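Count along the sequence shown from 1, then add 19; that gives the number in the numbering used here. Everything on this sheet refers to the single structure shown next.
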Amino acid sequence: MGYDYVMVHVIYNIPVAVGLTAVFWPFMTRLDWARIFTMVTIALTATIPWDSYLVRRRIWTYPREAVTGYTLCFIPLEEVFFFVIQTYSTGMLYTILTRRLVFPAFVRPADMTSFSVGTLVLAWAGAIGVKYLLDGGRYTYMGLILAWVCPFLLFQWVIAGHFILTLPRREILLSVMLPTVFLWTVDTLSMRRGMWVIEGGTKLGWEVWRNMDIEEAVFFLLTNVLIVFGFAAIDFTIALTDGKLAQSKSSINGVPSYGQIFRNFVFSPQKLDPDFVARLSKAVRCLATSSQSMYMGSSMFQGPLRIDLIFLYYFCRVADDLIDNAPDRITAVTAIKNCRTQLARRFSPGWEHQGEPKLSELSEAIAALPASRLRLSPLQGLLEGFRTDIKFGRESSVFPINSEEDLDQYAYHVAGTVAASVLDLVFHHFPHHASANHATTRRMVIAAGEKMGQGLQLVNIARDIDRDARIGRVYLPTAWLKHEGITPPDVLHNPDSAPVERLRRRLLLKAQKLHDEAVGALAFLPPVVQGPLRTTIASYMAIGAALQRGNSAPPGEKLRLPLLRRATIAFRAMSTKL
């Protein structure tokens, strides 16, 4: 009896698994744990008969002094645990690397040539494995690997190959290669210490490097491909259910369960509408490029709710850019009128039968809105905020934010309305939650959300005083400026002056007050949305705290928190229980 193999797990494998879990624990969902449990179960079921055969045929042997002696189907328990820990760690890494991805956006046709080539390669490799098995001798171990792995890979490829081909290659390659290189290293060190032995007459005798047989290198590579493809196949089934629900016009009863996803895939398979997938892909690209905070914030949410939020954020982004990038005021006014008209048409009962107009980007964003789960009035309120934006004019010296009431109204229009729309989606996705079906609670939560939106917008204004001044806008109330003895043109010429800094702090104090008054309402929402909303709120308030400490960005740029700081905020916010 010995503990050498146990110590390999203690020194190498377990710390990696624990580290990955500790880093990502607050972001793990029930669905994530179900995926991992499923893959570990499949890995053990598929591996134990194969591994047992290798041990009984003495293709693999384990010195008595290296293992404890406890076995399952002739396999040392340390080896059984290895297949568990490998599947777990590789699956955790894949989950971390792909969390930002919106999987339904990848449910689209892939290149048939690539799919066909992949099918042929896997079938050919499996046939080579069978031939090697029949040849026996030095081809035995490689034959056993290929003949065992390739049929599973081919099955996964037939089910989800098109989906896998559309996923970003970087995430897939890293998910496979990082654990593979790690296991190559651990295996090399273990072989040098004689913890397990591959019998000489059953292997080719080729080494990638000293003590790394080609069979071992292929084994770790292919098993990690098998694990990653398995998780991708599960994500494909989840994407189909999430997309199907997001396409529907009815309320959605919470996050789809694992059983519901499985039943939908097996008993009612359904392709997603190509137009829906195309719009979702475009929305994701837009947010990932132009509004990373919205995009990454959406990744905290689960299921079809995330898709609806992406479409909402996409509309807000497109409409905002349309106004800000307008060459003149007349064009901006026309854009707002056009947007209002198209919104009214989108929310009318017969919208589907009216025929869509030629789809500009604005038209696509409006068409993508989940109108059956939103109210029109908050979106119209957002347009009122844009009307305020276009009233500014450096040449005409128009500054529409005269009083604190004007500031409150503007913040409500551009942010409070968006918060109300987010909550509308939450209520429709969790229709049986008390916050959705109790009228008084629902009104209270929406009012608190609108107030929180106002507070976060004040943080935005405080952060962007310099950037706004560069385009002739001053959102600080003129009455506040007068109290400090300055005017809006003074802010345009010197946005970093001492009076402006005092008003920045006044804005931030007001934002903190609104935050403190509203944050308690989070406790009335479904638990699965509390963490994501708390993360978004905490991120904005952390920017406000940084401004309070005197932090600033280079001229003309936004103040951004360092990546580690943002990750820490998200970790704490997702870990907090109200």
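Even glycine gets a Cβ: it sits at the ideal position worked out from N, Cα and C. No experiment lies behind these values; they were computed from the predicted model shown.
Looking at the DSSP output, residue 228 bridges to 231. Considered as a whole, the segment 442-496 harbours 453-456, 458-482 and 484-489 as its complete alpha helix (DSSP H) runs of no fewer than 4 residues, in chain order.
Secondary structure remark: continuous alpha helix (DSSP H) runs of at least 4 residues inside the segment 318-368, in chain order: 322-343 and 348-365. The shortest C-alpha to C-alpha distance from residue 301 to any of 355, 243, 381 and 346 is the one to 381. Taking C-beta atoms as the reference points, residue 265 and residue 326 count as a pair closer than 8 Å. For residue 181 and residue 322, the gap between their C-alpha atoms comes out near 21 Å. About 26 Å separates the Cβ atoms of residue 390 and residue 470, ruling out a contact at the 8 Å cut-off. Taking a 10 Å sphere around the C-beta of residue 581, we find fewer than 16 other C-beta atoms and assign the residue as exposed.
Here the alpha carbons of residue 161 and residue 154 stand approximately 11 Å from one another. Straight-line spacing of the CA atoms in residue 209 and residue 215 works out to 7 Å. Shown here, residue 215 sits in coil according to DSSP, grouped into three states, outside any helix or strand. The Cβ atoms of residue 521 and residue 481 lie no closer than 8 Å to each other. For residue 419, the three-state secondary structure derived from DSSP is coil.
Taking all protein chains shown into account, residue 305 has 16 or more neighbouring C-beta atoms within 10 Å of its C-beta and is therefore buried. The beta-carbon separation of residue 95 and residue 24, rounded to 7 Å, stays under the 8 Å limit for a contact. By the Cβ test, the segment 116-134 is not in contact with the segment 83-93, since fewer than three Cβ pairs between them sit closer than 8 Å. Counting only residues of its own chain and dropping the five nearest sequence neighbours on each side, residue 571 has a CB closer than 7 Å to the CB of 578. Nearest neighbour of residue 55 by Cα position, chosen from 357, 221 and 104, turns out to be 104. Relative to residue 318, the option among 34, 99, 115 and 138 whose CA is nearest is 115. The Cβ atoms of residue 236 and residue 171 lie no closer than 8 Å to each other.
The criterion of a C-beta distance shorter than 8 Å is not satisfied by residue 407 and residue 431.
By the neighbour-count criterion, in which 16 or more other beta carbons inside 10 Å mark a residue as buried, residue 198 falls on the buried side. Under a 10 Å Cβ-count criterion, residue 111 is classified as buried, with 16 or more other Cβ atoms of the shown protein chains found around its own Cβ.
Straight across, the Cα-Cα distance linking residue 479 with residue 344 is about 19 Å. Annotation for residue 403: 432 place their beta carbon closer than 7 Å to its own, counting only its chain and skipping 5 residues before and after.
When C-alpha distances from residue 107 are compared across 316, 249, 365 and 583, the shortest belongs to 249. In this structure, residue 498 sits away from residue 472, with a CB-CB distance that is not shorter than 8 Å. Here residue 117 carries a helix assignment [DSSP, helix/strand/coil].
In this structure, the beta-carbon distance from residue 238 to residue 183 does not fall below 8 Å. For residue 435, there is no enclosing alpha helix (DSSP H), as DSSP marks it with neither H nor E.
Going by beta carbons, residue 100 and residue 28 fall inside the 8 Å limit. Counting of Cβ neighbours within 10 angstroms places residue 450 among the exposed residues, the total staying below 16.
Of the residues assessed, residue 289 falls on the exposed side of the cut-off, its CB having fewer than 16 other CB atoms within 10 angstroms. Residue 548 sits buried, since 16 or more C-beta atoms from the chains shown fall within 10 Å of its C-beta. Distances from the alpha-carbon of residue 232 to those of 561, 247 and 158 put 158 closest.
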